[in-house]
Structures are given as C-alpha cells and as structure tokens.
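These notes concern the structure reproduced below.
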Ligand code: FES
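In my numbering, the protein residues as written are 6 to 162.
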C-alpha cells in the first residue's frame, strides 16, 4: 500500500522533523490523502513499518484523532461543528437539515458516494458559528439556505 511515490513524500517529511516518530501524523495525513480520504488499517501498518514504530502505537494515534477517517468517505466530507458555540447557534438543526437534504444521518455517506455527513468538535471558528469544514475549506455563519447553496454547488462538480 505504501507506493514508491508515498515513500519519497514521507522521506521529504522526515527531513523536516527531528525523529521518525515526530513525522507520524503528517505521514498518516499523506497516506489518507493518497487513499481517497481514508486510512485503511494496512496503510497504518505500512506507515508503522516504514517509520519503525509499533503498529499499535500508530493505530492508537490514528484512532485518537478524528481527522483520520477509518472507513471510506464520500467525495465531500461535510464536518459540521456541533460543539457548544455552534450548538447554541443552531448546529444540531443545521445537521438535521443537511441530513434531510441528503437523505442520510450523521456518520453516513450518500449512495452515490458524493457526501459524508459528520459532526465535528470545535473547528476554532466560534466567532462565525455555526460552521463546517469540507476537506480543507471552512464555511462559516451557516444558515439552511447557505448550506443548501454550498451542497448544490458541490453536487454539480
Ligand atoms: S464551537 Fe463551533 S467552531 Fe467553536
């Protein structure tokens, strides 16, 4: 699962960190990006072997951080913050609205594999709650109407 190209990219990461262990999270992030946005167990094992770390340690790191997806996800991963500020500003209703629009629940992926919907802990954009991330892109001050526009635009891509 660890291609020569991935090894080259991990080697480049290793040059930036004092130890192989310190390069673990960016290496896992790289593997996730190279695997359609999720991290199969074999990828964790391969990274562990390449970085000379215990597989259980690598799996522990990968399963601790929610940014690592342990199952296949849709092309667009809608991560709606459901933490306190966003919740107070309607995040639960927003998640329900998105779920109704897409016909899925939290944690599910649409049958066309275009969208996965999840809640997320604080995204650090509380001043503009409610908000969500789609990949690396933030959307803030969301309303049912604005999130509809965002989803419709993504669906057209
Ligand atoms: S609580 Fe939602 S961004 Fe902080």
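Quick reminder that beta carbons are idealized off the backbone N, C-alpha and C, glycines included.
In angstroms with no decimal places, state the Cα-to-Cα distance between residue i and residue j.
i, j, result
"residue 131", "residue 122", "20 Å"
"residue 22", "residue 32", "11 Å"
"residue 71", "residue 42", "12 Å"
"residue 145", "residue 55", "39 Å"
"residue 141", "residue 83", "11 Å"
"residue 85", "residue 10", "33 Å"
"residue 138", "residue 58", "31 Å"
Would DSSP call residue i helix, strand or coil?
i, result
"residue 127", "coil"
"residue 82", "strand"
"residue 69", "helix"
Thinking just about the alpha-carbon of each residue, which of the options is nearest to the one in residue i?
i, options, result
"residue 89", "127, 52 and 18", "127"
"residue 120", "133, 69 and 106", "106"
Between residue i and chain B, is any beta-carbon pair separated by less than 8 Å?
i, result
"residue 151", "Absent from the structure: chain B. Only one protein chain is present."
Looking only at its own chain, which residues have a Cβ that is under 6 Å from the Cβ of residue i, when we skip the five neighbours before and after it?
i, result
"residue 109", "115 and 122"
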